[in-house]
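For the sequence shown, position 319 matches number 319 in full-length UniProt numbering, and the numbering has no gaps at all.
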Amino acid sequence: MKKIAFILVLITVVSTILTVNIFAAKIPLRVVVNGNRINFPDAQPFIDEIGRTQVPVRFVSEALGADVGWDGKTKTVTIEQGRNKITLVVGKSDYTVNGKTMEMDTTVLLLEDRTFVPVRFVSEGLGANVEWNASIRTVYITTGGTVPTPSPEEGEIRYYDGIAFNPATDVDEFGRMTIEKSQEFLLKMADQLAFVKENGKYYIVGEYPEIPEEFEWSLGIGIILKSGAKRSFAPGTRVPGFDIPREGTFKKDTTGLIDINDIEGFNIVIAVRNKEIKEDLGILNIVYVIDGALSDGTTRRANFVPESATDQRISYTDIFNFEKMFQW
1 MKKIAFILVL
11 ITVVSTILTV
21 NIFAAKIPLR
31 VVVNGNRINF
41 PDAQPFIDEI
51 GRTQVPVRFV
61 SEALGADVGW
71 DGKTKTVTIE
81 QGRNKITLVV
91 GKSDYTVNGK
101 TMEMDTTVLL
111 LEDRTFVPVR
121 FVSEGLGANV
131 EWNASIRTVY
141 ITTGGTVPTP
151 SPEEGEIRYY
161 DGIAFNPATD
171 VDEFGRMTIE
181 KSQEFLLKMA
191 DQLAFVKENG
201 KYYIVGEYPE
211 IPEEFEWSLG
221 IGIILKSGAK
231 RSFAPGTRVP
241 GFDIPREGTF
251 KKDTTGLIDI
261 NDIEGFNIVI
271 AVRNKEIKED
281 LGILNIVYVI
291 DGALSDGTTR
301 RANFVPESAT
311 DQRISYTDIF
321 NFEKMFQW
């Protein structure tokens, strides 16, 4: 009966999620150079057994302004950018940067006639900075600490808490943030939301990331009780004690509002929507069950659920840090 009650509450909270006929897919690896995502038309990046991100050498190198050379006899790759020159050999971990021998913890690979190189070593060898965001499986590469100014027709790249945003490419014709870009913001918000216990009290803490001025956050937190009832926290709610801020940083004391021993699970919905039209292209839904399980036997779920049935649901369940969020 508990399982049935929990499922019924989930249907009530996010009925649109459960009625959309879409399927789960793992978010692909992405590489962003100076705010622009690199397109890999055939061979795709992957993480090797050492944990290094391997990319087809030509596309990232050329995005960094470098020329790529290949010697098929010796299986040697040369990457030249101004005075910088990197030489790598397939199957070897040693390489040279401007004549100096270096060592990496992985090797250059040749797969299906494509040469793959570890993106960090090559990018840093060319003087670029490299950052890895595991939650959205994205490598961010920047050169010289600045982002080149795009031409007017390409839009103007702006940064919000480290997330690159270009109104010309990251907003659809209706003013909604694109699915791909909204995922970055939603996952960053989820990373800054947690249920913590301090000095015997129970709090919901959160910090809304910066976001483009024309957009706003939508956040709903449902706490499902064993009795089948639900306690909902949201900005603007008229229920006394259950209101949370719509922006900035907050720390909501839930002590006295909820019997911690009566909690069966959590259901969280986060969205980024246009302020004027109040629309979005999808939500991030996080479900965590303490007592019992979902209908498929799992106890946790983190999915990006598109508004349209023609787009794929993206599953983050395998990489999402549930322990960090749920500490009660």
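Yeah, the Cβ is synthetic: ideal placement off N, Cα and C, and Gly gets one too.
Cα-Cα separation, residue i to residue j
i: isoleucine 38; j: lysine 251; result: 39 Å
i: alanine 302; j: leucine 284; result: 7 Å
i: asparagine 36; j: glycine 200; result: 46 Å
i: asparagine 166; j: threonine 237; result: 33 Å
i: threonine 310; j: glutamate 180; result: 15 Å
i: phenylalanine 174; j: aspartate 280; result: 10 Å
i: glycine 228; j: asparagine 261; result: 14 Å
i: serine 315; j: phenylalanine 304; result: 6 Å
i: arginine 246; j: lysine 278; result: 14 Å
i: glutamine 327; j: isoleucine 223; result: 14 Å
i: tryptophan 70; j: threonine 76; result: 6 Å
i: phenylalanine 233; j: arginine 313; result: 25 Å
i: asparagine 133; j: proline 41; result: 23 Å
i: leucine 225; j: aspartate 259; result: 9 Å
i: phenylalanine 121; j: methionine 104; result: 7 Å
i: serine 61; j: leucine 126; result: 9 Å
i: valine 147; j: glycine 51; result: With a pLDDT of 42 at valine 147, under the threshold of 50, the modelled position of this residue cannot be trusted, and the question is left open.
i: arginine 300; j: alanine 271; result: 19 Å
i: tyrosine 140; j: glutamate 276; result: 31 Å
i: asparagine 321; j: glutamate 184; result: 15 Å
i: glycine 220; j: arginine 231; result: 11 Å
Range of the contiguous alpha helix (DSSP H) that encloses residue i
i: aspartate 191; result: 179-191
i: alanine 63; result: 57-63
i: serine 123; result: 119-125
i: lysine 324; result: 322-325
Anticipated Cβ contact below 8 Å, residue i with residue j, distance rounded
i: asparagine 34; j: threonine 143; result: 6 Å
i: glycine 248; j: tyrosine 208; result: 6 Å
i: valine 287; j: asparagine 267; result: 5 Å
i: threonine 74; j: threonine 87; result: Not really, about 10 Å apart at Cβ, beyond 8 Å.
i: glutamate 80; j: alanine 66; result: 6 Å
i: arginine 176; j: serine 218; result: Rounded, the Cβ-Cβ distance is 13 Å, inconsistent with contact.
i: proline 45; j: valine 31; result: 6 Å
i: lysine 197; j: isoleucine 163; result: At roughly 30 Å, the Cβ-Cβ gap does not stay under 8 Å, so lysine 197 and isoleucine 163 are not in contact.
Beta-ladder partner(s) of residue i, from DSSP
i: alanine 164; result: Tyr159
i: aspartate 243; result: Ala234
i: residue 330; result: Residue 330 falls outside the range modelled here, since the chain spans only 1 to 328, and no answer is possible.
i: threonine 53; result: Ile47
i: leucine 207; result: In the sequence as presented, leucine is not what sits at residue 207; that position holds glutamate. Thr249, per the DSSP bridge assignment.
i: arginine 273; result: Glu216
i: lysine 201; result: Glu198
i: leucine 109; result: Phe116
i: arginine 37; result: Val32
Candidates the options: closest to residue i by CA position
i: leucine 193; options: Leu257, Gly297, Glu323 and Phe215; result: Glu323
i: glutamate 307; options: Arg30, Phe320, Val89 and Ser182; result: Ser182
i: aspartate 243; options: Val205, Thr78, Glu124 and Ile136; result: Val205
i: lysine 85; options: Asp113, Ile47, Glu124 and Phe59; result: Glu124
i: valine 55; options: Thr107, Gly72 and Ile263; result: Thr107
i: arginine 158; options: Leu109, Glu198, Glu213 and Arg137; result: Glu213
i: asparagine 98; options: Gly82, Asp318, Gly220 and Val90; result: Gly82
Element boundaries [beta strand (DSSP E), containing residue i]
i: tryptophan 217; result: 215-225
i: aspartate 253; result: 249-253
i: threonine 101; result: 100-103
i: glutamate 80; result: 76-81
i: tryptophan 70; result: 67-71
i: aspartate 94; result: 94-97
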